[in-house]
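Below: one structure, written as structure tokens.
Protein chains: 2
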Amino acid sequence: MARQSLGEFEHLIMLAIVRVGPDAYGVSIIEEVEANSGRSVSQAAAYLTLRRLEEKGWIKSKLADPTPERGGRAKRYFGLTQAGIKRLRESRATLLTMWDGIATEIDEG
Amino acid sequence: MARQSLGEFEHLIMLAIVRVGPDAYGVSIIEEVEANSGRSVSQAAAYLTLRRLEEKGWIKSKLADPTPERGGRAKRYFGLTQAGIKRLRESRATLLTMWDGIATEIDEG
DNA sequence: CTTATTTACTCTACTCTGTAGAGTATTATT
DNA sequence: AATAATACTCTACAGAGTAGAGTAAATAAG
Numbered sequence: 011m012a013r014q015s016l017g018e019f020e021h022l023i024m025l026a027i028v029r030v031g032p033d034a035y036g037v038s039i040i041e042e043v044e045a046n047s048g049r050s051v052s053q054a055a056a057y058l059t060l061r062r063l064e065e066k067g068w069i070k071s072k073l074a075d076p077t078p079e080r081g082g083r084a085k086r087y088f089g090l091t092q093a094g095i096k097r098l099r100e101s102r103a104t105l106l107t108m109w110d111g112i113a114t115e116i117d118e119g
Numbered sequence: 011m012a013r014q015s016l017g018e019f020e021h022l023i024m025l026a027i028v029r030v031g032p033d034a035y036g037v038s039i040i041e042e043v044e045a046n047s048g049r050s051v052s053q054a055a056a057y058l059t060l061r062r063l064e065e066k067g068w069i070k071s072k073l074a075d076p077t078p079e080r081g082g083r084a085k086r087y088f089g090l091t092q093a094g095i096k097r098l099r100e101s102r103a104t105l106l107t108m109w110d111g112i113a114t115e116i117d118e119g
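Okay, here's the thing in structure tokens:
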């Protein structure tokens, strides 16, 4: 592809990582997206998207140590890369520009 | 799919239709997206996306009469449906919610 | 009128993104 | 040893993004 696209779901996943902060791992990211978008998110969709975003170089991850709780498996923590932040900023800027001046039209249906 | 996704490009195309208004047809829509996003848009991508959006019921179209100019073929004019406006509003609301509070973080990279 | 030019749109083909169902791995508890 | 809880993976397929090349229909030029 000439220019890699940032899908709506990928966008939400990336924003969730920023919002959750240092504790951003699979489950907490899913919960953040669900809480803010009102949609349900399957684990498969989330983890696959996380892997793809990492392959594109927009996020990075690190496997941590297990935690001492029942089922406390090792978690993989995620964070944005500089390239990811740049891409997110671009996408946001374009949408804000396009929305500008027509918000009323859209909001009033 | 449980819930149809609205891709980034689809989103831009729909917004361009609103922005251009009554004269929204293939070429003017492409120009509007290019002018506001800074990216180039191929005709194939635009027309295929327009067709897909219409199949999903988010936009509607009408073939008009030819205009009296060289190459003035009949144009197909596009407009949003109520469902399209609703979907656009939802997507915008979710993104604004997610961006809320982290705009600074994103903007400062 | 036949060819060229312009504008608008379509076909085909392929990669990337979105999604879920089911399964695996690793940890603590009973 | 069996059970339960948490975190993550595999497989498969439909939907979205993209471009190269082609078609269609209009006016203009010769």
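Those protein sequence lines, which keep their order, are chains X and B. Just add 10 to wherever you are in the first sequence, counting from 1, and you've got our numbering. Just add 10 to wherever you are in the second sequence, counting from 1, and you've got our numbering. By construction, the Cβ of each residue, glycine as well, lies at the ideal position given by its N, Cα and C atoms. In this text, all values refer to a predicted model and were calculated from it rather than measured experimentally.
#1: Name the residue from B/Lys66, B/Arg80, B/Glu18 and B/Ala26 whose alpha carbon lies nearest to the alpha carbon of tyrosine 87 of chain B.
#2: Chain B beta carbons: is any one of them nearer than 8 Å to that of arginine 109 of chain X?
#3: Does glycine 119 of chain X come within less than 8 Å of chain B when only Cβ atoms are used?
#4: Report all residues from its chain with a CB closer than 8 Å to the CB of alanine 56 of chain B; omit the five preceding and five following residues, and keep chain order.
#5: Who are the near neighbours of leucine 98 of chain X in its chain, counting only those whose CB is closer than 6 Å to its CB and skipping five residues on each side?
#6: Quick one: is valine 28 of chain X near chain B, going by C-beta distance under 8 Å?
#7: Exposed or buried, arginine 61 of chain X, counting other C-beta atoms within 10 Å across all chains shown (16 or more means buried)?
#8: To which residues does DSSP link leucine 73 of chain X through a beta bridge?
#9: Does any CB atom of chain X fall closer than 8 Å to the CB of phenylalanine 88 of chain B?
#10: Short of 7 Å in beta carbon distance, which residues of its chain neighbour serine 71 of chain X, apart from the five on each side in sequence? Order them along the chain.
#11: Let me make sure I understand the geometry here. Which of B/Ala34, B/Glu115, B/Ala93 and B/Leu106 has the alpha-carbon closest to that of alanine 113 of chain X?
#12: For methionine 35 of chain X, list the residues DSSP reports as bridge partners.
#13: Let me see if you follow: with CB-CB separation under 8 Å, is glutamate 115 of chain B close to chain X or not?
#14: Could you check whether the Cβ of serine 15 of chain B sits closer than 8 Å to any Cβ belonging to chain X?
#15: Which residue marks the beginning of the alpha helix (DSSP H) containing glutamate 64 of chain X, and which one marks its end?
#16: Give the single residue among B/Met108, B/Glu100 and B/Asp33 whose Cα lies nearest to the Cα of aspartate 117 of chain X.
#17: Along chain B, in chain order, which residues have C-beta atoms closer than 9 Å to that of glutamate 41 of chain X?
#18: Checking contacts by CB at 8 Å: is isoleucine 95 of chain B closer than that to chain X?
#19: How is leucine 106 of chain X classed by DSSP in three states: helix, strand or coil?
#20: Indicate whether at least one CB of chain X lies closer than 8 Å to the CB of glutamate 38 of chain B.
#21: Can you have a look at glycine 111 of chain B and say buried or exposed, based on whether 16 or more other CB atoms are within 10 angstroms of its CB?
#22: Taking only three categories from DSSP, how would you classify glutamine 14 of chain X?
#23: Rounded C-beta distance between valine 28 of chain B and leucine 90 of chain B? I'm assuming under 8 Å.
On the basis of the supplied data:
#1: Position 77 of the second sequence holds residue 87 of chain B. Among B/Lys66, B/Arg80, B/Glu18 and B/Ala26, the Cα nearest to that of tyrosine 87 of chain B belongs to B/Ala26.
#2: Walking along the first sequence from the start, residue 109 of chain X turns up at place 99. For clarity, residue 109 of chain X is tryptophan in the given sequence; the question names arginine instead. Residue contact check for tryptophan 109 of chain X against chain B: a CB pair falls below 8 Å.
#3: Indexing the first sequence from 1 puts residue 119 of chain X at position 109. Any reading at glycine 119 of chain X is ruled out, since the residue's pLDDT is 47, under 50, leaving its predicted position unreliable.
#4: Counted from its first residue, the second sequence places residue 56 of chain B at position 46. Closer than 8 Å at the Cβ level, and outside the excluded window around alanine 56 of chain B, lie Ile23, Gly36, Ile39, Ile40 and Val43.
#5: The residue given as residue 98 of chain X occupies position 88 in the first sequence. Residues of the same chain with a CB within less than 6 Å of the CB of leucine 98 of chain X, apart from the 5 flanking positions on each side, are Met24 in chain order.
#6: Here the question's residue 28 of chain X lines up with position 18 in the first sequence. It does: the Cβ of valine 28 of chain X has a partner Cβ on chain B nearer than 8 Å.
#7: Position 51 of the first sequence, counting from 1, holds the residue named residue 61 of chain X. By the neighbour-count rule (16 or more Cβ atoms within 10 Å), arginine 61 of chain X is not buried but exposed.
#8: Your numbering for residue 73 of chain X matches position 63 in the first sequence. In the DSSP output, where bridge partners are listed per residue, leucine 73 of chain X has X/Arg86.
#9: As a first step, residue 88 of chain B is located in the second sequence; it is residue number 78 there, counting from the start. No, phenylalanine 88 of chain B does not count as interfacial toward chain X.
#10: Your numbering for residue 71 of chain X matches position 61 in the first sequence. Around serine 71 of chain X: Glu64, Arg86, Tyr87 and Phe88.
#11: Reading the first sequence from its first residue, position 103 is the one you call residue 113 of chain X. Relative to alanine 113 of chain X, the option among B/Ala34, B/Glu115, B/Ala93 and B/Leu106 whose CA is nearest is B/Leu106.
#12: Position 25 of the first sequence, counted from the start, is the residue given in the question as residue 35 of chain X. Before going further, note that residue 35 of chain X is tyrosine rather than methionine in the sequence given. Tyrosine 35 of chain X is bridged to X/Tyr87.
#13: The sequence position of residue 115 of chain B within the second sequence is 105, counting from 1. At a cut-off of 8 Å between beta-carbon atoms, glutamate 115 of chain B makes contact with chain X.
#14: Mapped onto the second sequence, residue 15 of chain B falls at position 5. Against chain X, the CB of serine 15 of chain B has a partner CB under 8 Å away; the residue lies at that interface.
#15: Start at 1 with the first residue of the first sequence, and residue 64 of chain X comes out as number 54. Counting along the chain, the alpha helix (DSSP H) containing glutamate 64 of chain X begins and ends at 53 to 65.
#16: Within the first sequence, the letter at position 107 stands for residue 117 of chain X. Between aspartate 117 of chain X and the set B/Met108, B/Glu100 and B/Asp33, the nearest pair of CA atoms involves B/Glu100.
#17: By one-based count along the first sequence, residue 41 of chain X stands at place 31. Close partners of glutamate 41 of chain X in chain B (Cβ separation under 9 Å) are lacking, with about 13 Å as the shortest Cβ gap.
#18: Along the second sequence, one-based indexing puts residue 95 of chain B at 85. Interface residue, yes.
#19: Against the first sequence, residue 106 of chain X aligns to sequence position 96. Three-state result, leucine 106 of chain X: helix.
#20: Translated into positions along the second sequence, residue 38 of chain B becomes position 28. The sequence shown places serine at residue 38 of chain B, rather than the glutamate named in the question. Output row for serine 38 of chain B: interface = no.
#21: Mapped onto the second sequence, residue 111 of chain B falls at position 101. Per the 10 Å Cβ criterion, exposed.
#22: Walking along the first sequence from the start, residue 14 of chain X turns up at place 4. Under the three-state reduction of DSSP output, glutamine 14 of chain X falls in the coil class, being neither helix nor strand.
#23: Locating residue 28 of chain B in the second sequence gives position 18, counting from the first residue. Locating residue 90 of chain B in the second sequence gives position 80, counting from the first residue. Between valine 28 of chain B and leucine 90 of chain B, the beta carbon gap of about 6 Å places them in contact (Cβ cut-off 8 Å).
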